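Engineer: The sequence shown begins at 22 in our numbering and counts up one residue at a time.
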Amino acid sequence: MGKDEFVGTWKLVSFEMLRSDGQTVYPFGIDIIGVGCYDARGNMSGQLMRSNRPAFAINDPQKGTSEEIKAAFDGYLAYFGTYEIDEEKRTVTHHVKGSMFPNWVGSDQIRFYEFSGNRLTLRTPPIQVGGIAVTSLLIWERIA
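1. List the endpoints of the continuous alpha helix (DSSP H) containing GLU26.
2. Applying the 10 Å Cβ sphere with the 16-neighbour rule, what's the burial state of PHE136?
3. Spatial neighbours of ALA99 within its chain, please: CB distance less than 6 Å, with the 5 preceding and 5 following residues excluded, ordered by chain position.
4. State the Cα-Cα distance for the pair MET38 and ILE153, rounded to the nearest angstrom.
5. Between which two residues does the alpha helix (DSSP H) harbouring ILE164 extend?
6. Would you report the Cα separation of ILE131 and VAL113, rounded to the nearest angstrom?
7. Are the CB atoms of GLY55 and MET70 nearer to each other than 8 Å?
8. Taking the CB atoms as reference points, tell me whether THR156 and THR142 lie closer together than 8 Å.
9. List the endpoints of the continuous alpha helix (DSSP H) containing GLU108.
10. Are the beta-carbon atoms belonging to TRP31 and TRP125 less than 8 Å from one another?
11. Between the C-alpha atoms of ILE106 and GLY96, what's the straight-line distance to the nearest angstrom?
12. Is ALA61 near ARG74, with beta carbons less than 8 Å apart?
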């Protein structure tokens, strides 16, 4: 086990949030798109997005309306940094160096992991989202 099992490129299969009130929500929809990468030197990156994000009316990324910019931000999540594995706790810690969510820059994002065949499941500890405790569950499939 260890870093070797993580190394590669992963396609996101599903992303759901399990809320403390018992509801399961799909924040980017059922048909989410995403890719995650781990390299042998300890670098990682992850990107996920709603597959049906609306395009801006004008083909200029600096000319979006407030509504267009909000929809683009609300439908996308990306960050990068380094990672380390704790095999005993079965956690991977992402040391975030850059993120589209500025509050994560410089933070450690802990994920519990499990491998099954060519799939990797990552689960967050409970975090506050919209004032409700949620646990995110992401299933990834190795593509390279």
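Cβ atoms here follow ideal geometry from the backbone N, Cα and C, with glycine treated the same way. Quantities reported herein were computed from a predicted structural model and do not represent experimental measurements.
Structural biologist: Let me spell this out:
1. The sequence position of residue 26 within the sequence shown is 5, counting from 1. First-last of the alpha helix (DSSP H) with GLU26: 24-27.
2. Here residue 136 is taken as the residue at index 115 of the sequence shown, counted from 1. Result: exposed.
3. One-based indexing of the sequence shown puts residue 99 at position 78. GLN68, MET121, listed in sequence order.
4. Position 17 of the sequence shown holds residue 38. Position 132 of the sequence shown holds residue 153. Their Cα atoms are separated by approximately 11 Å.
5. If you number the sequence shown from 1, residue 164 lands on position 143. Run containing ILE164: none; DSSP gives neither H nor E here.
6. As a first step, residue 131 is located in the sequence shown; it is residue number 110 there, counting from the start. As a first step, residue 113 is located in the sequence shown; it is residue number 92 there, counting from the start. Each residue's Cα considered, the two are about 6 Å apart.
7. Taking the sequence shown and counting its residues from 1, the one referred to as residue 55 is at position 34. Taking the sequence shown and counting its residues from 1, the one referred to as residue 70 is at position 49. Contact flag set, yes.
8. As a working mapping, residue 156 is identified with position 135 in the sequence shown. As a working mapping, residue 142 is identified with position 121 in the sequence shown. Cβ distance not < 8 Å, so THR156 and THR142 don't count as in contact.
9. What you label residue 108 is simply residue 87 of the sequence shown in a count that begins at 1. No alpha helix (DSSP H) contains GLU108, which DSSP labels as neither H nor E.
10. Taking the sequence shown and counting its residues from 1, one reaches residue 31 at position 10. Taking the sequence shown and counting its residues from 1, one reaches residue 125 at position 104. For TRP31 and TRP125, no; Cβs fall outside 8 Å.
11. In the sequence shown, residue 106 corresponds to position 85, counting from 1. In the sequence shown, residue 96 corresponds to position 75, counting from 1. Taking the straight line from one Cα to the other gives about 29 Å.
12. Along the sequence shown, one-based indexing puts residue 61 at 40. Along the sequence shown, one-based indexing puts residue 74 at 53. Result no, Cβ atoms of ALA61 and ARG74 do not sit closer than 8 Å.
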